[in-house]
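Okay, so here's the structure we're looking at.
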Amino acid sequence: MSTHLNGSSVNQNNGKKSVNESVKECNPFVHRLQLTKAQKCQIFFMTFTIFPVRLVLGLSVFFFSWFLALLFTVGTSPNTSSPAGPVRRALYQFLQYCGKLIIFLIGFSFTVKGKRASVEEAPVLIATPHSSLWDILVLFATSPFPSALSKYENFKIPIFRTLLRAIQPVLVHRNEAMSTQQTVDIILKRAKEGKKWPQLTVFPEGTCSNKKHMIRFKLGAFLAGTPVQPMIIRYKSSLDSFTWTECGPTAFYLIWLTLCQFQSHMEVEYLPVYKPTAEEMKDPKLYANNVRDQLAKKLRVPCSDHTYEDRLLMRKAKKLHFPMEAAIVQFHYVKTKYKLNLDEAMKRLEEFSQISLPRQDGLADADDFNKYFSCNEQIVNALFSELDVYQKGILSFREFVIGNASIREKLASNQNLESCHTLLNKLLATSTDHGGDKHDFGKELLILSQKVCPQLNVDDVAVAKETFFQFLQENPMYLFLFVFYQGK
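108 is the number of the first residue of the sequence shown in the numbering used here; add one for each residue after it.
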């Protein structure tokens with residue numbers, strides 16, 4: 108079984124690595140390129156010699172292939188509900204030969220290890236690790252021309268829509284349960300019809316990573332319970348101009364660097380067909396995890412609980428001017444353990460980016476929390492201690508998310524919510540009283556809560572329980588402050 112990263116951070120007391128350094132090292136969506144002087148000289152030379160030749164020839168054959176695909180797919184249904192006939196299949200196969208010509212013209216070479224199974228033996232091919240925009244080249248590694256599982260968004264791109272039709276794809280809408288069930292039905296239908304359909308190539312990670320971890324697999328390829336054949340993609344080059352991640356070089360920059368290599372080499376290794384047990388057929392998660400563990404062991408990398416949602420958090424962080432590398436939480440772990448959804452994680456990121464804003468390093472300590480809340484220091488310090496579940500004196504974003512979830516898990520009982528509602532109405536009743544201590548935390552807490560939830564700022568005394576309970580559930584830090592203030 109492969110090593111599994113549960114996301115716990117390196118303790119600051121070991122004197123070796125900071126919390127944030129540990130988070131960045133464990134981030135599978137970060138890729139940095141550092142060119143040597145020799146590589147820079149090579150790229151400079153190739154840019155004005157070989158690169159333009161490769162680019163023109165590759166694009167010429169690409170658009171010729173697109174034109175052929177346009178002709179070959181005339182009259183076909185966008186949803187590819189019926190298999191292509193023998194004549195059309197032969198035409199599609201010709202497109203694979205065009206693809207192989209493009210690969211040769213842009214300086215790529217192939218090595219194939221192992222033997223590809225037939226569609227009867229394995230209706231689905233599992234391609235990992237998914238790390239590059241060049242991974243699509245695996246479709247041209249061996250014949251016959253396979254199909255592919257693709258997100259529906261790709262079908263909206265005019266040129267790619269035509270090329271996708273030629274491979275008879277299975278299109279998936281992300282995060283739609285109905286689409287997932289349709290995918291299962293299509294895979295089962297194709298498996299039953301055997302040779303009428305090409306094998307389906309699936310990148311189960313659902314997004315690109317830097318190959319240092321085996322991130323979580325999406326379940327689409329495993330829900331049908333059919334045998335799969337895992338395949339491993341490796342790139343052989345002194346310069347990794349292939350890896351494409353959320354935080355790293357752009358796609359165009361990587362294409363330029365790759366076409367400036369003297370030779371780029373891809374190795375595709377077909378592993379033995381994986382036939383699911385009766386237990387795995389009933390439990391797609393178990394099936395996916397066991398296949399992932401086997402591949403991770405083969406690649407000698409650890410498994411992690413990162414998912415595509417972590418990349419979405421990184422994109423959100425960029426908009427918030429928060430360090431992208433520090434915005435991951437190993438989403439599958441926090442989702443399953445704390446019942447956290449992506450919207451809530453996004454909200455926590457908005458909060459934490461404001462708290463940690465003065466530091467600009469993606470971390471926050473008790474002083475940052477006191478500056479953010481600007482109220483009773485003793486109570487805010489108690490809140491920070493509650494959030495600091497690893498007791499390190501400093502929080503990463505992931506620890507902030509876990510801390511908030513832990514608070515809600517501990518304190519969101521009906522009794523606590525009722526008592527907090529009673530306290531709120533008392534504070535509202537006395538909010539018009541201008542006497543007393545101007546620094547009374549009760550008044551400060553009311554003002555802070557009203558800024559976050561304007562619905563609490565009402566003229567009459569009573570606030571609907573449902574409104575307030577929802578506020579506390581969605582804002583665990585304020586749940587803690589209300590509960591702590593009562594016991595103070």
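Even for Gly, the Cβ is constructed at its ideal location relative to N, Cα and C.
query	result
Considering only the alpha carbon of each residue, which of 355, 302 and 527 lies closest to residue 571?	527
Compute the Euclidean distance between the alpha carbons of residue 290 and residue 504, then round it to the nearest angstrom.	35 Å
Can you tell me which of the three DSSP states residue 276 falls into?	coil
Skipping 5 residues on each side, what residues in its chain have a beta carbon closer than 6 Å to that of residue 261?	267
Just checking my contact of residue 191 with residue 275 at CB under 8 Å: how many whole Å lie between their CB atoms?	6 Å
Does the region 411-429 touch the region 476-490, meaning 3 or more C-beta pairs lie closer than 8 Å?	no
Within this structure, are the beta carbons of residue 406 and residue 339 separated by less than 8 Å?	yes
Whole angstroms are fine: how far does the CA of residue 349 sit from the CA of residue 382?	32 Å
Can the beta-carbon of residue 322 be found closer than 8 Å to that of residue 414?	yes
Just grab the DSSP bridge partners of residue 339 for me.	235 and 376
Between the region 362-380 and the region 153-171, do three or more beta carbon pairs fall short of 8 Å?	yes
Quick one: what's residue 309 bridged to in DSSP?	233
For a test of the three-state rule: what should DSSP assign to residue 527, helix, strand or coil?	helix
Below 8 Å between beta carbons: does that hold for residue 354 and residue 421?	yes
Rounding to the nearest angstrom, what Cα-Cα distance links residue 448 and residue 387 in this structure?	26 Å
Can you tell me which of the three DSSP states residue 503 falls into?	strand
Looking at residue 279: is its Cβ nearer than 8 Å to the Cβ of residue 254?	no
Could you tell me the alpha carbon to alpha carbon distance between residue 440 and residue 506, rounded to whole angstroms?	12 Å
How would you write the range of the alpha helix (DSSP H) that residue 590 sits in, first residue to last?	583-594
Could you tell me whether the Cβ atoms of residue 229 and residue 401 are closer together than 8 Å?	no
Let me know the secondary structure DSSP gives residue 168 once reduced to three states.	helix
Whose CA, out of 582, 256 and 180, lies closest to the CA of residue 269?	180
From which residue to which residue does the beta strand (DSSP E) around residue 460 run?	Where residue 460 is concerned, there is no enclosing beta strand (DSSP E), although the alpha helix (DSSP H) it sits in stretches over 449-462.
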